[in-house]
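Letter by letter, the sequence shown follows residues 140 to 357 of the working numbering. Ideal Cβ positions, reconstructed from N, Cα and C, are used throughout, including at glycine. Computed from a predicted model, the values in this text were never measured in an experiment. Here's the structure we're looking at; comments come further down.
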Amino acid sequence: MTIRHHPRDETLLELAAGSLPPGPALVIRSHLEACEECRRRIAELEVVGGALLEALPPTSLAPESLAEALAAIDREDAPRLPLRPRSAATPPDGDLVLPAALQDCTVGNWRFLGPGMRWSRVALPEAPEANLMLLRIGPGRRLPEHGHVGTEYTQVLRGSFSDWRGCYRAGDLMEADSEIDHHSVVETEGECICLVALEGQLRLRGWVGRLFGPLLGF
Ligand SMILES: [Zn+2]
140 MTIRHHPRDE TLLELAAGSL PPGPALVIRS HLEACEECRR RIAELEVVGG ALLEALPPTS
200 LAPESLAEAL AAIDREDAPR LPLRPRSAAT PPDGDLVLPA ALQDCTVGNW RFLGPGMRWS
260 RVALPEAPEA NLMLLRIGPG RRLPEHGHVG TEYTQVLRGS FSDWRGCYRA GDLMEADSEI
320 DHHSVVETEG ECICLVALEG QLRLRGWVGR LFGPLLGF
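Set out below in structure tokens:
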């Protein structure tokens with residue numbers, strides 16, 4: 140698997156420090172399962188982050204924030220990323236193998252979203268309010284055009300899609316910021332299944348937006 144699109148260093152640092160919200164953290168962990176390069180990168184960043192903290196004079200940080208930062212670095216589950224077998228979560232379709240990061244999540248059934256489009260709610264036990272979902276889009280379909288107030292994190296699990304920045308294939312991660320107003324098109328050779336976490340409000344346009352918005356509670 141050749142992976143071309145990776146999370147930003149800032150995002151990996153946030154994950155290592157335990158400050159990335161649960162939904163996005165789960166998407167990034169799913170990427171790390173597939174991406175050796177990012178597993179190496181996050182280990183490097185942890186070393187640099189630890190050295191920076193040691194170099195800081197103690198007075199430059201409030202005692203509680205330093206303690207929090209150190210606790211986050213020490214916390215076993217934040218920086219130590221899962222390398223477990225990819226089998227535990229119940230997939231919403233027989234042959235889709237979900238990332239092991241989803242193993243404690245409840246994955247709902249596929250629900251109609253629009254022609255050739257289905258979605259499934261992914262519920263995290265520790266953060267049931269997180270906006271996390273699987274999206275399944277048929278070959279050649281155009282995803283709803285949308286903008287963001289927050290950031291959207293998308294890990295491609297199967298197939299591929301393109302937007303103006305390039306093509307995203309299985310294993311790739313896309314981070315879309317609030318400035319980006321994008322629409323994505325699924326490649327014609329097969330359907331595309333993605334794991335998507337949304338932070339903040341999503342602004343959807345057109346009839347799909349009117350359908351999609353109320354379904355997801357946006
Ligand atoms: Zn990567």
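State the DSSP-derived secondary structure class of Glu-314, mapped to helix, strand or coil.
-> strand
Hey, how far is the Cα of Val-325 from the Cα of Met-256?
-> 11 Å
Any heavy atom of ligand 1 closer than 6 Å to the Cβ of Cys-358?
-> Because the chain here runs from 140 to 357, residue 358 falls outside it and cannot be looked at.
Thinking C-beta only, is Val-246 closer than 7 Å to Val-261?
-> yes
Roughly how many angstroms lie between the CA atoms of Gly-289 and Asp-243, to the nearest whole one?
-> 25 Å
Does ligand 1 have even one heavy atom less than 6 Å from the beta-carbon of Glu-175?
-> no
Close Cβ partners of Thr-293 (< 6 Å) along its chain, the five nearest in sequence each way excluded | Met-313, Cys-333, Val-335
Helix, strand or coil: which one does DSSP assign to Glu-338?
-> coil
To the nearest angstrom, report how far apart Arg-178 and Pro-267 are at their CA atoms.
-> 27 Å
In terms of DSSP beta bridges, what is Ala-266 paired with?
-> Leu-263
Identify the residues that DSSP records as bridge partners of Val-325: which are they?
-> Phe-300
Closest by C-alpha distance to Gly-298, when choosing among Leu-154, Ile-276, Leu-282, Arg-281 = Ile-276
Cut-off 6 Å between Cβ atoms - residues of its own chain near Gly-279, not counting five sequence neighbours on either side | Thr-327
So what's Ile-181 in DSSP terms, helix, strand or just coil?
-> helix
Cβ-based burial, Glu-291 [other Cβ within 10 Å; buried from 16] | buried
Check each candidate in Thr-141, Pro-160, Pro-238, Ala-182 and name the one with the smallest Cα separation from Leu-273.
-> Pro-238
Cβ-heavy atom distance, Ile-167 to ligand 1, below 6 Å = no
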